[in-house]
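Residue numbers (my numbering): 5 to 145. We put the CB at the ideal spot given by N, CA and C, even for glycine.
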């Protein structure tokens with residue numbers, strides 16, 4: 005007798021996808037921040053201090069700062085850093101994460117996984133996970 009799930013049972017869709025962002029020092033210029041976002045393909049960077057992550061800078065933060073007159077070569081990441089985003093587990097059900105993001109009007113969350121570095125997930129990343137979960141639920145009905 006076999007114990008555990010049958011091999012034909014689909015694995016539940018519970019992983020919140022996350023993308024590992026670039027990391028910068030708080031003294032990195034906005035130009036450097038933008039370059040690191042472009043290189044990593046993630047529209048945000050984690051800003052680090054000697055004590056660990058100090059916060060996050062998103063592409064929108066950079067755009068707003070430059071639109072307000074910030075010089076991208078003399079304004080530092082630390083000057084526009086916002087607090088580290090809300091943390092969620094990669095194992096949380098995508099619908100629960102989406103509900104939390106909607107309730108707190110979050111555009112991005114930090115995704116933690118004990119086996120991986122902190123990653124970021126946008127509202128669109130979570131929406132994709134919700135749709136995959138819904139599709140899988142419909143196929144299993």
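Go through its chain and collect everything with a Cβ distance to residue 69's Cβ below 7 Å, but skip five positions before and after it.
34, 79 and 84
Checklist entry - So what does DSSP say about residue 77, is it helix, strand or coil? => result coil
* Whose C-alpha, out of 21, 62 and 55, is nearest the C-alpha of residue 40? -> 62
With contact counted as at least three CB pairs below 8 Å, one residue from each stretch, are the segment 50-64 and the segment 94-103 in contact? Between the segment 50-64 and the segment 94-103 there are fewer than three inter-stretch CB-CB distances shorter than 8 Å, so the stretches are not counted as touching.
Item checked: residue 12 in three-state terms, based on DSSP -> For residue 12, the predicted structure reports a pLDDT of 39, less than 50, and the residue's modelled location is therefore unreliable. A value from the coordinates is still provided. Coil at residue 12, not helix or strand.
Point to revise | With 16 other Cβ atoms within 10 Å as the buried cut-off, status of residue 135 | key: exposed
Query raised in the report: If you run the structure through DSSP and keep just helix, strand and coil, what is residue 135?
Result: helix
Requested in this report: Drop a sphere of 10 angstroms on the beta-carbon of residue 145, count the other beta-carbons inside from all chains shown, and report buried for 16 or more, exposed for fewer.
Outcome: exposed
inquiry  = Checking 8 Å against the spacing of the C-beta atoms, do residue 82 and residue 50 come in under that value?
reply    = no
Check: Considering only the beta carbon of each residue, do residue 72 and residue 46 sit closer than 8 Å?
Finding: no
Next item on the list: With hydrogens ignored, establish whether the beta-carbon of residue 124 is closer than 7 Å to any heavy atom of the ligand HEM.
Entry: As presented, the structure is devoid of all ligands, the ligand HEM included, so that no description of it is given.
*Could you pull out every residue in the same chain whose Cβ sits closer than 6 Å to the Cβ of residue 113, ignoring the five residues on either side in sequence?*
89, 90, 92 and 125
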